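Visitor: All residue numbers for the sequence shown refer to the working numbering, where the first residue is 119 and numbers rise by one.
I am attaching a structure below and will ask some questions about it afterwards.
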Amino acid sequence: MKKNKIKKRIDLTEKKYDVVKSKVAEQSGVYVVSVSSTHAQIPLDSIVCGDALQVLKSFPADFVDLIVTSPPYADKRQNSYGGIHPERYVQWFLPIAQELKRVLKPSGTFVLNIKEGVSEGQRETYVLELILEMKRQGWLWTEEYIWHKRNSYPGKWPNRFRDAWEHCLQFNKEKKFAMYQESVMVPMSDWAKARLKNLSETDKRRDESKVGSGFGKKIANWVGRRMAYPDNVLHLATESCSKPYWRFN
Ligand SMILES: C[S@@+](CC[C@H](N)C(=O)[O-])C[C@H]1O[C@@H](n2cnc3c(N)ncnc32)[C@H](O)[C@@H]1O
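Below is the structure:
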């Protein structure tokens, strides 16, 4: 263990953290804080290391604004951090989801980054099953963002093309949650220059959907605007790290 890299020591005086303690001791370069003190005082930019279920249980209710997590891809990374068989995945994750729901503020958001693998030539279904079970648990499944992995590794498979995206499933406790749309606006793309140059009569009024979906648009509203709201596809490259993963099983 490289002590000089530890910024703060974890306080593992509580018996329930004994298991975590031995795992922390195997890690190098981790940044940890007390998990048994008053969590209302956890400083910003801190990482609490431990088993998610155990650590979450020690947090107060309605405490967190945003949860983003990337749990194991079932058992597809056995060699790096172990895993959970796809058939047991939902039952494994539900108690964690229950705790996440407890600690999340009513105005908060939970984003679950996940991707099903392929077994015997078919996509696994545990992500779909998990969504349904989480809804039964009381979560609202409010949105799905697609993470497009810009640098997905090329390859050849007999019956599919390479994986280049993952789910970022958004769950909330309440229909009205905190969302700061103006903070994430993006520049209008180049299509707007040509598209907004000569407006038709239809462009100047609200054009309701012809198929009765309730979706309508008034193109003229965007004339002269420099910024627009983004869509729900995130184009981000993956980054790799040479540090080993924690193993929990
Ligand atoms: C898909 S990886 C996520 C990797 C992460 N997004 C990153 O970029 O490093 C899954 C992670 O979940 C961790 N993990 C597995 N079981 C866990 C548990 N019970 N509590 C907390 N973390 C766990 C693994 O150690 C691994 O780091």
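Note that the Cβ used here is the ideal one computed from N, Cα and C, for glycine as well.
As the structure is a computational prediction, the values presented were derived from the model and not from experiment.
#1: Comparing the CB of ALA192 with every heavy atom of ligand 1, is any distance shorter than 6 Å?
#2: For ASN350, collect the residues of the same chain with a Cβ closer than 8 Å to its Cβ; drop the 5 residues on either side in sequence, then sort them by chain order.
#3: Does DSSP put TYR191 in a helix, a strand or coil?
#4: May I have the straight-line CA-CA distance separating GLY273 from PHE279, to the nearest angstrom?
#5: Roughly how many angstroms separate the alpha carbons of GLY334 and ASP321, rounded to a whole number?
#6: Taking the alpha-carbon positions, what's the GLU196 to LEU354 distance?
#7: What's the gap between the Cα of LEU317 and the Cα of ILE249?
#8: Measuring from the CB of TYR363, is there a heavy atom of ligand 1 at a distance below 6 Å?
#9: Please determine whether the Cβ atom of SER327 lies at a distance below 6 Å from any heavy atom of ligand 1.
#10: Check whether the Cβ of ASP169 sits closer than 6 Å to any heavy atom of ligand 1, and report yes or no.
#11: May I ask whether a heavy atom of ligand 1 can be found less than 6 Å away from the beta carbon of SER358?
Guide: Working from what's here:
#1: Because no heavy atom of ligand 1 lies under 6 Å away, the Cβ of ALA192 does not count as near it: no.
#2: If the five residues before and after ASN350 are omitted, its C-beta is found closer than 8 Å to the C-beta atoms of GLU261, GLU262, TYR263 and ILE264, all from its own chain and listed in chain order.
#3: Here TYR191 sits in coil by DSSP.
#4: 8 Å
#5: 11 Å
#6: Reading the sequence as shown, one finds Gln at residue 196 and not Glu. Roughly 25 Å separates the two Cα atoms.
#7: 43 Å
#8: Within the chosen limit of 6 Å, ligand 1 reaches the beta carbon of TYR363 through at least one heavy atom.
#9: no
#10: yes
#11: no
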